[in-house]
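**Q** Note that this note's numbering has the sequence shown beginning at 389, numbered continuously upward.
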Amino acid sequence: MPNTVPHQRSKLKFSSLKRRKLNKTLSKPRQELTPTAFQSEDEDEGVLTSVSNTNTNTPGGDLKRKQLKEAPEVLETDPAPDLDEYLKQLESSEAHKFMPTVPNTNSYSDDEEQEEATTTSATERITKLLNNNKQLKSIPNHELVNYPIYKKLYSPHPAIARLTKDEIENIRESHSISLKSPISPITSWAQLGMPKQISDILNSFTFDKPTPIQSEALPHLMSGKDFIGIAKTGSGKTLAYLLPMFRFLLANPLQRDVKYFGSTPRAIVLTPTRELAIQVSNEANKFASLLNLRVCCAYGGQLISSQIAELRTMAIDVVVGTPGRLMDLLCANSGKILKLTNVGYIVVDEADRMFDMGFGPQMKRILQESGIRSNAQKVCFSATFPKKVELEVNKIVNGVICKVGDRNGISEDIKQIVNVISTTNKIGQQGYQTEIKDKKMSLLLNVLGRWENVDTMSKCIIFTERQDDADKLVRMLLKRGHVALSLHGGKDQGERDGVIKDFQKGLIRIVVATSVAARGLDVEGLDLVINYDAPNHIEDYVHRVGRTGRAGKKGTAVTFVKEDETLFAWTLVKILNIGKEQVSKPEPDNFKSTTTNASGNQIDNKLYLLAEMWEKEKSENNTNKKKSGSGFGGHGLEKLDEARLEKATQERQIYLETPGASANEKTSQQRSEELGLKVTYEDGSANVEINDLPQDTRWAVSKADTLSELELAFEITVNVRGRYINNTKSTEEKLHLYIQGNQESIQLAVSWIEKKVIESLEHSQK
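What follows is the structure, encoded as structure tokens:
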């Protein structure tokens, strides 16, 4: 039978034959698995290294996974093979994956069924899988280097040195720059004192003068200082760290280790997504090609053997990549492909999304365990900088913090339009969702019609929250005469690259995308952003609308807000009242109209009503918390907790201690309901409601480490959505885990979550 498991729109219930095949695969020793059984890649929507539902008949997609992860485990006891032989094995493995699979009619013999009956439980096999993955990701040790590096490569221009303290403060105040540092900002490119090679390249770009973030970052970085920069999207952050990087590379030639035949780069740039890695790599190559330097772009979605060959055959100076793929390369062939001991310049780009997408653990391990020099210069840039990100960044970068505008500032070049979707049906009533869908589509077509009449050459990107919604919206637009393509993590890398290239060339004018897929996307002529689905947090909103209005050009961002999205309405009002916006609240009798503020933003006045509703709900919840405790949850329903605990103990006897019972006597849905979990499956996703679990258990299954472990093991994306609701009658979205991936991986992940819930409940009983 084929190696695919069909997607199901409702409950996933494996046939006994498929279940036996899955259990047999999970129970095999690691070295016996076929190349398609386990795969490795870092995805843009999370940190992935896990079980994959592999389709051997489709080039790309799930076939792009690499069996490289097996090598380090074998090589821990065996001598390291020759690199040529290692690459041949990789290529052979990849070629094998594209060969058609011949069905084996004798796959399940009586002997195999007897063996299956004696195997350990599915939960134990999953635990072993997680342990194997952790072992495979150990970074090989390399001998540390201690030769000197030169980081102080800047001396102030006389015109800058003559500036008084008040003049410097006036310059910073005029650009809304918050920075405490004795190093003065520059006002022109000539004041940098760059080598002629770099100055000639810079002059060819015909940039007028440095942007505010560049004027502060460049002198600090060329002085050898660690630096944290926060500025709006499209403000020139990429060039702000690339110029000092190439200045550093020219001043610090490679100290070649004659005993090492892999690559020893001197600078690395970490990005959260493939698209951003490609974009940064393209910008870096504009300089590198003329400076006789080499840049390697390493990301998932393409064969790792080609990246290994590039690192092995070329003296790479800069590696730009995602943390997951960089971890794979560091571990490849016992560390004989790539080592980072010579790295003296490190960049973390879009740090907020790096942590938001779960790359924090991988990034920290790369920086702390790969042998990078202790005196390496560390640089961090981000468009938003919430407090939680600031705490994480401060653990790895000990530098000055430069903020241009507000932490969540939006460019003044972007005109923001907010429309609240009103309905005749009340929230939760039958027909509410259908009416919302129809009104949003009508409003979208109206916006697109006016946009196309005004400018026939500009481009538009439409954001949806889910991958399947993006595909559905494209089909609906095509039926109505609008040519569009979708862009999301469910597509293979080649297809995504093709969509982006067509979009950049203007072959298509409309792209429907998820937030993560379009992160870092910089397309000339993109004048309109439409938030068809409102984002679930304000940082995502900032990055979405930041796709337009870049590099001083004008743009428009239109956002649709539903009446039940009170939290987003409240946070959006906060953003619109920051700095120069100062959106005043309209009079109560004027809520049918739209307010246009000084910046030209058009805000539906009903947005303020929604924000007030959230304020009222928050006030009521704070009152309830004083009575029942505070924190992430905890509703104090001891009897409910005790009942669930008793059920969980009984469930463990059935599910964990009896190998066959979980598969044959209970469905996944039944197990979840008995544990207090409400699981709803859709095509390619699942919602696991954790709202009614005890407080400690909710925390155990939703903390960052748990989510990273889930994504690492099962090739899925997990996000915490909704909020804790202490009211059974509330129609607001309750706290739940939203899981995206192939259906088989989702099913395994739900089983793992059940195990985590049981462990937490048992622990609280002790």
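Even for Gly, the Cβ is constructed at its ideal location relative to N, Cα and C.
(1) Please report the distance separating the alpha-carbon of Ser830 from that of Ala1101.
(2) How do the segment 599-618 and the segment 767-776 stand: do at least 3 beta-carbon pairs fall below 8 Å, yes or no?
(3) Inspect the beta-carbon positions of Lys766 and Ile734 and report whether they are closer than 8 Å.
(4) Assign Asn813 to one of two classes, buried (16 or more other C-beta atoms within 10 Å of its C-beta) or exposed (fewer than that).
(5) How far does the beta strand (DSSP E) with Phe891 in it reach, from first residue to last?
(6) Between Ala901 and His876, which are expected to be in contact by the criterion C-beta below 8 Å, what is the C-beta distance as a whole number of angstroms?
(7) Taking Ile824 as the reference, give the member of Asn807, Val707 and Glu840 with the closest Cα.
(8) Do you know offhand how far Thr652's Cα is from Ala764's?
(9) At which residues does the alpha helix (DSSP H) containing Asp1093 begin and terminate?
(10) Roughly how far, in whole angstroms, is the beta-carbon of Val1155 from the beta-carbon of Ala655, given that I think they are within contact range, below 8 Å?
(11) Looking only at its own chain, which residues have a Cβ that is under 6 Å from the Cβ of Arg897, when we skip the five neighbours before and after it?
(12) Which one of Leu836, Gly943 and Val792 has the shortest CA to CA distance from Tyr920?
(13) Using only alpha-carbon positions, find the residue among Phe675, Val792, Val785 and Ala957 that is nearest to Ser562.
(14) Identify every residue that forms a DSSP beta bridge with Thr947.
(15) Answer yes or no: does any C-beta atom of chain B fall closer than 8 Å to that of Ser874?
(16) Put Phe634 into one of helix, strand or coil per three-state DSSP.
(17) Can you check whether the CB of Arg938 is closer than 8 Å to the CB of Val917?
(18) Under 8 Å by Cβ, that's how I've got Gly709 and Ala676 pegged, so tell me the actual separation to the nearest angstrom.
(19) Assign Ser1148 to buried or exposed, taking buried as 16 or more other Cβ atoms, counted over all protein chains shown, within 10 Å of its Cβ.
(20) Counting along the chain, where does the alpha helix (DSSP H) carrying Ser592 start and finish?
(21) Check whether the segment 533-548 and the segment 638-645 touch, using three or more Cβ-Cβ pairs below 8 Å as the test.
(22) Alpha carbon to alpha carbon, how far is Ile926 from Asp915? Give it in angstroms, no decimals.
(23) What is the DSSP secondary structure of Ile896, reduced to helix, strand or coil?
(24) Straight-line CA distance for Ala1173 to Asn721?
(25) Exposed or buried, Gly943, counting other C-beta atoms within 10 Å across all chains shown (16 or more means buried)?
(26) Between the C-alpha atoms of Asp992 and Arg868, what's the straight-line distance to the nearest angstrom?
(27) Should Asn786 be labelled buried (16 or more other beta-carbon atoms within 10 Å of its own) or exposed?
(28) For Val842, count the other beta carbons within 10 Å of its own beta carbon; 16 or more makes it buried, fewer makes it exposed. Which is it?
(29) Just to confirm, is the Cβ distance from Pro598 to Ile565 under 8 Å?
(30) Please determine, among Leu699, Gly748 and Arg854, the residue with the shortest C-alpha to C-alpha distance to Lys1091.
(31) Along the chain, where does the alpha helix (DSSP H) that runs through Gly712 open and close?
(32) Whole angstroms is fine: what's the gap from Ala605's alpha carbon to Ser569's?
(33) Report buried or exposed for Pro546, applying the criterion of at least 16 other Cβ atoms within 10 angstroms of its Cβ.
(34) Going by other Cβ atoms of all chains shown within 10 Å of its Cβ, with 16 needed for buried, is Pro460 buried or exposed?
(35) Counting C-beta neighbours from all protein chains within 10 Å, is the total for Ser592 16 or more, i.e. buried, or is it exposed?
(36) Please report how far the alpha carbon of Ile1146 lies from the alpha carbon of Glu1121, in whole angstroms.
**A** Reading off the structure:
(1) 41 Å
(2) yes
(3) yes
(4) exposed
(5) Careful: Phe891 lies outside any beta strand (DSSP E), inside the alpha helix (DSSP H) at Gln881 to Lys893.
(6) 6 Å
(7) Asn807
(8) 14 Å
(9) Ala1092 to Phe1102
(10) Because residue 1155 is not part of the residues shown, which for the chain are 389 to 1154, the question remains open.
(11) Lys847
(12) Leu836
(13) Val792
(14) Val806 and Asn919
(15) In the structure shown, chain B cannot be found, because there is only a single protein chain.
(16) helix
(17) no
(18) The Cβ separation is near 15 Å, so there is no contact.
(19) buried
(20) Lys584 to Ser592
(21) yes
(22) 21 Å
(23) coil
(24) Residue 1173 falls outside the range modelled here, since the chain spans only 389 to 1154, and no answer is possible.
(25) buried
(26) 27 Å
(27) exposed
(28) exposed
(29) no
(30) Gly748
(31) Pro711 to Cys719
(32) 11 Å
(33) exposed
(34) The predicted model places Pro460 with a pLDDT of 40, which falls under 50 and marks its position as unreliable; any figure quoted below should be read in that light. Looking at its Cβ environment, which holds 16 or more other Cβ atoms inside 10 Å, Pro460 is buried.
(35) exposed
(36) 25 Å
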